[in-house]
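Peer 1: I'd like to ask some things about the structure below.
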DNA sequence: TTCATTGCAAAGCGTTTGCACGTTC
DNA sequence: GAACGTGCAAACGCTTTGCAATGAA
């Protein structure tokens with residue numbers, strides 16, 4: 466099922482709204498404007514880009530508010546934070562995507578996504594081996610295109 | 466074979482020395498003092514801790530030099546950078562350890578290490594699927610101890 | 001002698017904080 | 001009308017940079 470952007474926004478808006486209510490947080494225009502902007506972007510984004518986009522939109526917000534709001538979205542899983550390198554945090558909207566991992570292609574700066582069941586198997590082995598309960602993971606592969614290899 | 470610290474230092478010193486020569490970089494006392502300090506520490510370290518240790522040692526260096534030197538060690542694989550969270554970069558000496566991944570245990574702040582051949586299998590699958598050449602990866606699991614689960 | 005490397009302090013950069021003002025409940 | 005949320009600018013913490021002095025080759 467392909468869901469267009471308007472529908473997507475309405476659904477995540479309800480999700481966010483419910484979360485705010487549950488946490489007794491206020492439903493401000495800023496928060497919904499940010500949510501809308503994030504879900505209108507495709508793929509991944511960083512705070513600076515989001516900030517610029519909102520400057521140019523009809524609803525300007527400060528960076529403080531952006532960070533505060535993204536924090537709320539992280540809590541309710543509408544957004545997830547990717548830790549590719551320590552100088553630039555990248556986020557992605559996450560509501561409609563099942564859990565996945567990433568491949569960074571260096572030359573093209575592409576972020577490929579994949580989902581491999583063997584991760585889950587490794588997780589189970591580790592839980593038994595160390596007697597722990599794993600609740601999250603982060604896996605990123607770094608790659609070159611074949612073309613790049615040939616050039617070298 | 467168990468290698469004691471002195472031997473370890475002599476071997477990595479040669480490795481580092483060779484690398485500096487190859488890259489036409491100077492062999493300064495600071496660089497070797499930092500190498501010695503890192504390989505005398507066990508496990509992982511952050512820049513601040515290393516800086517403090519060196520302050521109290523008989524060879525004081527500036528942070529600028531520390532960062533510069535660590536950069537060189539990253540290049541020649543004597544040290545690797547762990548990206549657990551964006552506020553605190555953690556490094557580990559890496560010459561004698563084969564490639565491995567990490568499990569962070571939240572309550573105890575333990576860093577467990579493991580090595581699982583299934584990662585290599587996933588890597589090969591991705592290379593074929595996306596027609597790319599993967600040269601590195603980063604995998605971290607986040608866990609709680611079973612005790613912690615029970616307390617909740 | 002030459003010029004890479006160093007130490008120091010200042011600058012950068014992304015993120016957080018403090019406070020007065022504005023808005024939701 | 002009582003907080004909570006916001007914008008702004010200043011503070012933060014880690015890392016990098018600029019520059020004069022040092023020292024490896």
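Residue numbers (the working numbering), protein chains in the order written: chain E, 466 to 617; chain H, 466 to 617.
No residue lacks a Cβ here, since even glycine has one placed at the ideal position from N, Cα and C.
This one's a predicted model, so the numbers in the text were calculated from it and none came from an experiment.
#1: By the criterion of Cβ-Cβ separation under 9 Å, what are the contact partners of residue 599 of chain H in chain E?
#2: To the nearest angstrom, how far is the alpha carbon of residue 588 of chain H from that of residue 581 of chain E?
#3: Looking at the strands, I want to know which residues DSSP matches up with residue 570 of chain H.
#4: Among E/506, E/490 and E/492, which one has its Cα closest to the Cα of residue 474 of chain E?
#5: Please confirm whether residue 608 of chain H and residue 569 of chain H have their CB atoms less than 9 Å apart.
#6: Along the region 481-510 of chain E, what residues have a CB closer than 8 Å to any CB found in chain H?
#7: Use the C-beta contact count for residue 600 of chain E: other C-beta atoms within 10 angstroms, 16 or more gives buried, fewer gives exposed.
#8: Mind the definition here: the region 494-508 of chain E touches the region 531-541 of chain E only if three or more C-beta pairs lie below 8 Å; say whether that holds.
#9: Which residues in the same chain have their Cβ closer than 8 Å to the Cβ of residue 480 of chain H, if we skip the five residues on either side of it in sequence?
#10: List the DSSP bridge partners of residue 546 of chain H.
#11: Kindly give me the distance between the Cβ atoms of residue 584 of chain H and residue 566 of chain H, rounded to whole angstroms, as I take these residues to be in contact under 8 Å.
#12: Checking the sheet assignment: what are the DSSP bridge partners for residue 602 of chain H?
#13: Taking 9 Å as the threshold (beta carbon to beta carbon), is residue 533 of chain H in contact with chain E?
#14: Under a Cβ-count criterion, where at least 16 other Cβ atoms within 10 Å of its own Cβ denotes burial, should residue 489 of chain E be classed as buried or exposed?
#15: Do residue 574 of chain E and the ligand FAD come close, with the Cβ less than 8 Å from some heavy atom?
#16: Give the interface partners of residue 586 of chain H over in chain E, defined as CB-CB distance under 8 Å, in chain order.
#17: Taking 9 Å as the CB-CB cut-off, is residue 513 of chain H touching chain E?
#18: Between residue 531 of chain E and the rest of its own chain, which residues show a CB-CB distance below 8 Å, the 5 nearest in sequence each way excluded?
#19: Three-state secondary structure (DSSP) at residue 480 of chain E?
#20: Is residue 603 of chain H buried or exposed, if buried means 16 or more other CB atoms sit within 10 Å of its CB?
#21: Alpha carbons only, please: which of H/549, H/494 and H/509 is nearest the one belonging to residue 525 of chain H?
#22: What are the boundary residues of the alpha helix (DSSP H) that residue 589 of chain E is part of?
#23: Thinking residue 476 of chain E and residue 558 of chain E are a contact (beta carbons under 8 Å), I'd like their distance in whole angstroms, please.
#24: Whose C-beta lies closer than 6 Å to the C-beta of residue 606 of chain H among residues of the same chain, with five residues either side of it excluded?
#25: For the alpha helix (DSSP H) holding residue 517 of chain H, just list the boundary residues, first then last.
#26: Quickly, what does DSSP pair residue 509 of chain E with across the bridge? List them, please.
#27: Would you kindly report the start and end of the unbroken alpha helix (DSSP H) that includes residue 493 of chain E?
#28: Nearest to residue 556 of chain H by CA position, among H/595, H/572 and H/576, is which residue?
Peer 2: Let me spell this out:
#1: Here residue 599 of chain H refers to the residue found at position 134 of the second chain. In chain order: 568, 606, 607, 608 and 609.
#2: Position 123 of the second chain, counted from the first residue, corresponds to residue 588 of chain H. Position 116 of the first chain, counted from the first residue, corresponds to residue 581 of chain E. Each residue's Cα considered, the two are about 10 Å apart.
#3: Here residue 570 of chain H refers to the residue found at position 105 when the second chain is read from its first residue. Residue 570 of chain H is bridged to H/575 and H/608.
#4: As a working mapping, residue 474 of chain E is identified with position 9 in the first chain. Of the listed residues, the one whose Cα sits closest to residue 474 of chain E is E/506.
#5: Here residue 608 of chain H is taken as the residue at index 143 of the second chain, counted from 1. Here residue 569 of chain H is taken as the residue at index 104 of the second chain, counted from 1. Cβ distance < 9 Å, so residue 608 of chain H and residue 569 of chain H count as in contact.
#6: none
#7: Residue numbering aside, residue 600 of chain E sits at position 135 when the first chain is read from its first letter. That one is exposed.
#8: yes
#9: Here residue 480 of chain H is taken as the residue at index 15 of the second chain, counted from 1. Only 541, 543 and 560 meet the Cβ criterion.
#10: Here residue 546 of chain H corresponds to residue number 81 of the second chain, with the count starting at 1. BP columns for residue 546 of chain H point to H/556.
#11: The count along the second chain starts at 1 and reaches residue 584 of chain H at position 119. The count along the second chain starts at 1 and reaches residue 566 of chain H at position 101. Their Cβ separation, rounded to whole angstroms, is 7 Å, which keeps residue 584 of chain H and residue 566 of chain H in contact under 8 Å.
#12: Start at 1 with the first residue of the second chain, and residue 602 of chain H comes out as number 137. In DSSP, residue 602 of chain H forms a bridge with E/606.
#13: Working through the second chain from its first residue, we reach residue 533 of chain H at position 68. Not an interface residue.
#14: Taking the first chain and counting its residues from 1, the one referred to as residue 489 of chain E is at position 24. By the neighbour-count rule (16 or more Cβ atoms within 10 Å), residue 489 of chain E is not buried but exposed.
#15: Within the structure as shown, the ligand FAD is missing, as the structure has no ligands at all.
#16: On the second chain, position 121 is the one that residue 586 of chain H refers to. Going along chain E in sequence order, the residues near residue 586 of chain H (Cβ under 8 Å) are 583.
#17: Here the question's residue 513 of chain H lines up with position 48 in the second chain. With 9 Å as the cut-off, residue 513 of chain H does not count as an interface residue toward chain E.
#18: For the purposes of this step, residue 531 of chain E is taken as the residue at position 66 of the first chain. Cβ within range, chain order: 499, 512, 515, 516 and 519.
#19: Position 15 of the first chain, counted from the first residue, corresponds to residue 480 of chain E. Helix.
#20: Position 138 of the second chain, counted from the start, is the residue given in the question as residue 603 of chain H. Under this definition residue 603 of chain H is a buried residue.
#21: As a working note, residue 525 of chain H is residue 60 in the second chain. When only C-alpha atoms are compared, the closest one is H/494.
#22: By one-based count along the first chain, residue 589 of chain E stands at place 124. From DSSP, the alpha helix (DSSP H) with residue 589 of chain E extends over 582-595.
#23: By 1-based counting over the first chain, the position of residue 476 of chain E is 11. By 1-based counting over the first chain, the position of residue 558 of chain E is 93. Incorrect: roughly 12 Å between the Cβ atoms, too far for contact.
#24: Sequence index remark: in the second chain, residue 606 of chain H carries index 141 (1-based). The residues are 568.
#25: Position 52 of the second chain holds residue 517 of chain H. It spans 512-521 - the alpha helix (DSSP H) in which residue 517 of chain H sits, taken as one unbroken run.
#26: The residue you call residue 509 of chain E lines up with position 44 of the first chain. For residue 509 of chain E, which the question treats as bridged, DSSP gives the partners E/557.
#27: Against the first chain, residue 493 of chain E aligns to sequence position 28. Where residue 493 of chain E is concerned, there is no enclosing alpha helix (DSSP H), given that its DSSP letter is neither H nor E.
#28: As a working note, residue 556 of chain H is residue 91 in the second chain. Closest by alpha carbon: H/576.
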